[in-house]
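Visitor: Structure incoming, see below.
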Amino acid sequence: MADIKGQIMTLPDVAEALMVSEKTVVRMLQDGSIPGFKVSNQWRFHREDLKEWLEQKRKGTTRRHGTLLSSEADEVPLSRLTDESLIVTGIRPGSAEQILNALAAPLAEQGIIRSKHKFVDSLLQREQMMSTGIGGGAAIPHIRHPEELPAARPALVIGTCPEGIDWKAIDDRPVKLFLLPVSADEVSHLRLLSLIRKVLLDEELSSRLIQAAAPHELISLLLKYEVQQHSLQ
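What follows is the structure, encoded as structure tokens:
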């Protein structure tokens with residue numbers, strides 16, 4: 002996951018980029034106004050998340066909402082945002098539209114999204130801008146503006162494609178693991194993206210998720226990872 006790690010910023014990096022003190026950045030993290038996550042009790046930031054956050058700030062669309070991810074997102078386990086009905090294993094290689102349709106299907110079936118067609122179309126538009134393949138065989142397909150197609154609740158679809166598919170990832174490796182987050186607002190959206198990227202820093206977990214043959218196996222792997230992370234805090 003070297004490519005992912007290369008996009009991670011530290012607290013001093015962000016403070017310098019925003020031209021504010023580190024204490025100010027910490028306050029922003031504490032009140033949920035900037036996306037970040039903790040690794041070994043140290044704050045870390047993903048460049049792509051900060052780019053999207055800054056874009057939303059310029060547009061004036063970032064608002065707080067009373068959702069599960071509105072604050073302290075780094076403490077929310079992914080296992081609370083997914084279940085066996087939202088896990089799609091053994092996806093066959095195909096076009097981007099076919100893959101995204103397969104990932105969006107359980108969201109539509111569960112009533113989490115209203116229009117599968119509009120949702121997939123928004124996902125495709127995001128991919129056309131820049132691939133969501135973050136390297137290491139993983140991709141995080143997502144829509145740019147969740148408030149335009151708000152989900153009924155925050156959720157995460159996990160999909161595996163053991164054969165791999167060309168997703169134009171930043172490291173040119175075939176993508177075998179897809180994590181598709183949905184939410185109702187920009188704050189939750191950016192926080193969920195940060196949380197997913199934190200999990201994907203664990204190369205061993207990513208590899209095991211790809212190899213899992215059944216939904217319950219993926220859930221079990223996530224739960225074991227979360228228990229281990231909690232014990233380290």
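Residue numbering for the sequence shown follows my numbering, beginning at 2 and increasing consecutively. Virtual Cβ for every residue (Gly too), placed ideally from N, Cα, C.
(1) With a 10 Å radius around its C-beta and 16 neighbouring C-beta atoms as the bar for buried, classify residue 160 as buried or exposed.
(2) Which first and last residues belong to the beta strand (DSSP E) in which residue 178 is found?
(3) Quick one: using the 10 Å Cβ neighbour count with 16 as the cut-off for buried, is residue 219 buried or exposed?
(4) Can you tell me whether residue 40 is buried or exposed, with buried defined as 16 or more other CB within 10 angstroms of its CB?
(5) Pull up the distance between the alpha-carbon of residue 146 and that of residue 199, whole angstroms please.
(6) When you compare the CB positions of residue 165 and residue 176, do they come within less than 8 Å of one another, or not?
(7) Between which two residues does the alpha helix (DSSP H) holding residue 25 run?
(8) What does DSSP give as the partner residue(s) for residue 11 in the beta ladder?
(9) In whole angstroms, what separates the C-alpha of residue 13 from that of residue 23?
(10) For residue 39, report the span of its beta strand (DSSP E) as first-last.
(11) If you measure between the beta carbons of residue 215 and residue 90, is that distance less than 8 Å?
(12) Would you give the residue range spanned by the alpha helix (DSSP H) that residue 197 belongs to?
(13) Looking at the unbroken beta strand (DSSP E) that takes in residue 141, where does it start and where does it end?
(14) Compute the beta-carbon to beta-carbon distance between residue 181 and residue 142, rounded to the nearest angstrom, for a pair I have assumed lies under 8 Å.
Guide: Answer, in terms of the structure:
(1) Position 159 of the sequence shown, counted from the first residue, corresponds to residue 160. The residue in question, residue 160, is buried, as its Cβ has 16 or more Cβ neighbours within 10 Å.
(2) For the purposes of this step, residue 178 is taken as the residue at position 177 of the sequence shown. Start and end: 176-183.
(3) What you label residue 219 is simply residue 218 of the sequence shown in a count that begins at 1. Classification of residue 219: buried, given that the 10 Å Cβ count is 16 or more.
(4) As a first step, residue 40 must be located in the sequence shown, where it is residue number 39. So residue 40 ends up on the exposed side.
(5) For this step, residue 146 is matched to residue 145 along the sequence shown. For this step, residue 199 is matched to residue 198 along the sequence shown. Near 22 Å, if we compare the C-alpha coordinates of residue 199 and residue 146.
(6) The sequence position of residue 165 within the sequence shown is 164, counting from 1. The sequence position of residue 176 within the sequence shown is 175, counting from 1. Cβ atoms of residue 165 and residue 176: closer than 8 Å.
(7) As a position in the sequence shown, residue 25 is number 24, starting the count at 1. That run of the alpha helix (DSSP H) goes 23-31.
(8) Against the sequence shown, residue 11 aligns to sequence position 10. Its beta-bridge partners are 45.
(9) By 1-based counting over the sequence shown, the position of residue 13 is 12. By 1-based counting over the sequence shown, the position of residue 23 is 22. If you take the alpha carbons of residue 13 and residue 23, they lie about 6 Å apart.
(10) What you label residue 39 is simply residue 38 of the sequence shown in a count that begins at 1. From DSSP, the beta strand (DSSP E) with residue 39 extends over 38-40.
(11) In the sequence shown, residue 215 corresponds to position 214, counting from 1. In the sequence shown, residue 90 corresponds to position 89, counting from 1. Yes, Cβ-Cβ distance for residue 215 and residue 90 is below 8 Å.
(12) Counted from its first residue, the sequence shown places residue 197 at position 196. Membership of residue 197 in the alpha helix (DSSP H) is indicated by the continuous run 187-201.
(13) For the purposes of this step, residue 141 is identified with residue 140 of the sequence shown, where counting begins at 1. Segment: none, residue 141 is in no beta strand (DSSP E) and carries neither H nor E.
(14) Residue 181 sits at position 180 when you count from the first residue of the sequence shown. Residue 142 sits at position 141 when you count from the first residue of the sequence shown. Contact holds; Cβ gap of about 5 Å.
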